[in-house]
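Taking this note's numbering, the leading residue of the sequence shown gets 5, the next gets one more, and so forth.
Okay, structure first, notes after.
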Amino acid sequence: MTNSSTNISPPKSLTLLGSTGSIGQNTLNLVRDSPEKFEVIALTGNKNVKLLIEQAREFLPKLVVVADAALYSELKRGLSGADIQVGCGLAALNDAAELNSDIVIAGIVGIAGLTPTLTAIKQGGIVALANKECLVCAGQLFIDEIVKSGATLIPVDSEHNAIFQVFDFEKANSVESLTLTASGGPFLNMSLSEMAAATPMQAKSHPNWKMGAKISVDSATMMNKGLELIEAYYLFPVEEEQINIVIHPQSVIHSLVNYKDGSVLAQLGTPDMRTPISYALAWPERMETNTSKLDLAKVGNLSFQTPDHRRFPAINISRNCLKGGAVPPIILNAANEIAVDAFLKNRIRFLDIVRIVEEVLAKIHFGNLNSIEDIYSCDIEAREKSLEILSGL
Ligand SMILES: NC(=O)c1ccc[n+]([C@@H]2O[C@H](COP(=O)([O-])OP(=O)(O)OC[C@H]3O[C@@H](n4cnc5c(N)ncnc54)[C@H](OP(=O)(O)O)[C@@H]3O)[C@@H](O)[C@H]2O)c1
Numbered sequence: 005m006t007n008s009s010t011n012i013s014p015p016k017s018l019t020l021l022g023s024t025g026s027i028g029q030n031t032l033n034l035v036r037d038s039p040e041k042f043e044v045i046a047l048t049g050n051k052n053v054k055l056l057i058e059q060a061r062e063f064l065p066k067l068v069v070v071a072d073a074a075l076y077s078e079l080k081r082g083l084s085g086a087d088i089q090v091g092c093g094l095a096a097l098n099d100a101a102e103l104n105s106d107i108v109i110a111g112i113v114g115i116a117g118l119t120p121t122l123t124a125i126k127q128g129g130i131v132a133l134a135n136k137e138c139l140v141c142a143g144q145l146f147i148d149e150i151v152k153s154g155a156t157l158i159p160v161d162s163e164h165n166a167i168f169q170v171f172d173f174e175k176a177n178s179v180e181s182l183t184l185t186a187s188g189g190p191f192l193n194m195s196l197s198e199m200a201a202a203t204p205m206q207a208k209s210h211p212n213w214k215m216g217a218k219i220s221v222d223s224a225t226m227m228n229k230g231l232e233l234i235e236a237y238y239l240f241p242v243e244e245e246q247i248n249i250v251i252h253p254q255s256v257i258h259s260l261v262n263y264k265d266g267s268v269l270a271q272l273g274t275p276d277m278r279t280p281i282s283y284a285l286a287w288p289e290r291m292e293t294n295t296s297k298l299d300l301a302k303v304g305n306l307s308f309q310t311p312d313h314r315r316f317p318a319i320n321i322s323r324n325c326l327k328g329g330a331v332p333p334i335i336l337n338a339a340n341e342i343a344v345d346a347f348l349k350n351r352i353r354f355l356d357i358v359r360i361v362e363e364v365l366a367k368i369h370f371g372n373l374n375s376i377e378d379i380y381s382c383d384i385e386a387r388e389k390s391l392e393i394l395s396g397l
């Protein structure tokens with residue numbers, strides 16, 4: 005929509021769910037660089053109330069929410085005198101998601117993002133989805149709600165954003181397969197015995213991307229690629245066996261669509277989340293960003309290899325979960341969230357993460373899922389089993 009007399013587009017209003025995280029901060033960096041294009045109307049965080057206050061004082065949204073209710077008074081105090089509404093807890097997160105904004109950025113980590121993201125989808129606007137865990141746990145429910153509300157879901161995860169950019173949705177039958185690229189993470193070339201001794205600090209040190217702690221550890225186990233496999237299944241009209249994974253350590257090709265005529269279309273760029281986020285913010289247009297631009301001659305070589313499933317079993321575990329229907333991915337995600345958290349707190353060793361996930365998957369047998377409540381019940385049961393296994397270690 006443009007103002008015909010001046011040809012200047014009005015600013016797009018944004019709600020940022022998870023503004024204090026890596027996705028949230030990258031989004032605000034883009035807004036800071038193009039203040040005429042965007043108006044931030046809501047910000048949410050969980051523990052990092054200090055940063056949330058700073059962000060609110062800079063971007064002056066209508067509403068600021070801290071999920072952790074214990075931090076409400078600190079937030080309120082920090083924003084006293086500012087004309088900003090302040091809230092806490094899940095109901096207030098939903099209030100933020102319900103605001104009439106042009107784009108909601110779903111950047112909360114884990115299943116904690118499920119309800120607010122679903123609330124955003126129900127409003128029927130544009131949702132820029134970074135939170136992959138909610139599609140893993142409730143993929144079909146999401147798709148049903150999108151059809152019902154008419155919402156537009158734009159993937160922000162770099163691989164899915166790449167596929168979104170080159171997938172011919174009008175001729176989906178001409179697609180043979182998708183290829184998700186994976187950097188291989190920080191332990192790509194480590195032996196199993198080296199991985200057994202890996203520390204949280206090493207696991208968080210991704211060679212190409214600067215991301216939050218949980219997704220960084222997921223990249224180290226390659227559970228991230230397993231979750232992305234499930235995410236891709238729900239985002240694009242393909243079957244599980246049409247989704248392939250290839251290791252590409254340089255993270256230059258962000259993913260590819262293989263067409264039946266032999267053509268392969270890919271999206272390339274430097275590994276910088278501001279590119280896929282900006283794509284979602286500007287869609288259906290594109291915007292200029294301050295990202296460093298790709299210089300292929302400087303990159304020199306692009307390499308590819310097959311994942312080593314012996315050292316990185318998480319990909320095949322995830323694939324089997326996807327084949328098993330809607331329940332196993334919920335268990336996979338819950339057990340993984342608990343195990344990653346325990347690893348980050350130095351309670352278990354690196355290789356225990358996937359071992360615990362496998363054990364929980366073998367022990368939980370949940371019935372049919374008919375509602376969001378069933379999804380949460382399954383998630384809670386899997387979390388309890390994971391904690392029980394952890395306490396016995
Ligand atoms: N980072 C990336 O480059 C990247 C790339 C692709 C996909 N993703 C996906 O994007 C999502 C966010 O990743 P991230 O790396 O940005 O994570 P992050 O840096 O850990 O940030 C997570 C955000 O969620 C908030 N949060 C945490 N627990 C919450 C809860 N219980 N209720 C409400 N809010 C909560 C955090 O608040 P506080 O910080 O205030 O505690 C923070 O704002 C993940 O699903 C990830 O897989 C991320």
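Every residue gets a Cβ at the ideal spot worked out from N, C-alpha and C, and that includes glycine.
Here the structure is a predicted model, which is why all the values come from computation and not from measurement.
Pair within 8 angstroms by beta-carbon distance, residue i and residue j
{"i": "L32", "j": "S23", "result": "yes"}
{"i": "A338", "j": "Q144", "result": "no"}
{"i": "L184", "j": "I247", "result": "yes"}
{"i": "I257", "j": "L272", "result": "yes"}
{"i": "K51", "j": "D72", "result": "yes"}
{"i": "S105", "j": "L18", "result": "yes"}
{"i": "D161", "j": "E235", "result": "yes"}
{"i": "V68", "j": "A60", "result": "yes"}
{"i": "M227", "j": "I27", "result": "no"}
{"i": "Y238", "j": "I147", "result": "yes"}
{"i": "I158", "j": "G230", "result": "no"}
{"i": "G111", "j": "L21", "result": "yes"}
Reduced DSSP secondary structure (H/G/I, E/B, other) of residue i
{"i": "M42", "result": "Position check: residue 42 holds Phe in this sequence, whereas Met was assumed. In this structure, F42 counts as strand in the three-state DSSP scheme."}
{"i": "I158", "result": "strand"}
{"i": "I150", "result": "helix"}
{"i": "A86", "result": "coil"}
{"i": "N4", "result": "The structure shown does not extend to residue 4, since the chain is modelled only from 5 to 397, so the question has no answer here."}
{"i": "L139", "result": "helix"}
{"i": "L18", "result": "strand"}
{"i": "S13", "result": "coil"}
{"i": "T293", "result": "coil"}
{"i": "V242", "result": "coil"}
{"i": "T24", "result": "coil"}
{"i": "T31", "result": "helix"}
{"i": "N7", "result": "Below a pLDDT of 50, predicted positions are generally treated as unreliable, and N7, at 44, falls in that range; no measurement from the model is reported."}
Residue range of the unbroken alpha helix (DSSP H) whose run includes residue i
{"i": "V113", "result": "Taken as a continuous stretch (DSSP letters only), V113 belongs to no alpha helix (DSSP H), as it is neither H nor E."}
{"i": "E198", "result": "L196 to A200"}
{"i": "I379", "result": "I376 to S395"}
{"i": "I219", "result": "A217 to T225"}
{"i": "P280", "result": "R278 to A286"}
{"i": "F347", "result": "V331 to L348"}
Paired residues, beta bridge with residue i - DSSP
{"i": "C92", "result": "V70"}
{"i": "Q309", "result": "I251"}
{"i": "L184", "result": "I249 and S259"}
Extent of the continuous beta strand (DSSP E) to which residue i belongs
{"i": "Q271", "result": "V268 to L272"}
{"i": "L133", "result": "I130 to L133"}
Residue i CB to nearest heavy atom of ligand 2 below 7 angstroms
{"i": "A124", "result": "Because ligand 2 does not appear in the structure shown, any question about it cannot be addressed here, the ligands present being ligand 1."}
Self-check item: Cβ contact check for the region 117-134 and the region 97-107: 3 or more pairs under 8 angstroms
Solution: With a cut-off of 8 angstroms, the region 97-107 and the region 117-134 count as touching, because enough Cβ pairs lie within range.
Quiz item: Is the region 258-271 close to the region 163-180, with three or more CB pairs under 8 angstroms?
Solution: Yes: at least three Cβ pairs fall under 8 angstroms.
Quiz item: Just checking, does the region 122-132 make contact with the region 197-211 on the three C-beta pairs under 8 angstroms criterion?
Solution: Fewer than three beta-carbon pairs drawn from the region 122-132 and the region 197-211 are found closer than 8 angstroms, and the two stretches are therefore not classed as touching.
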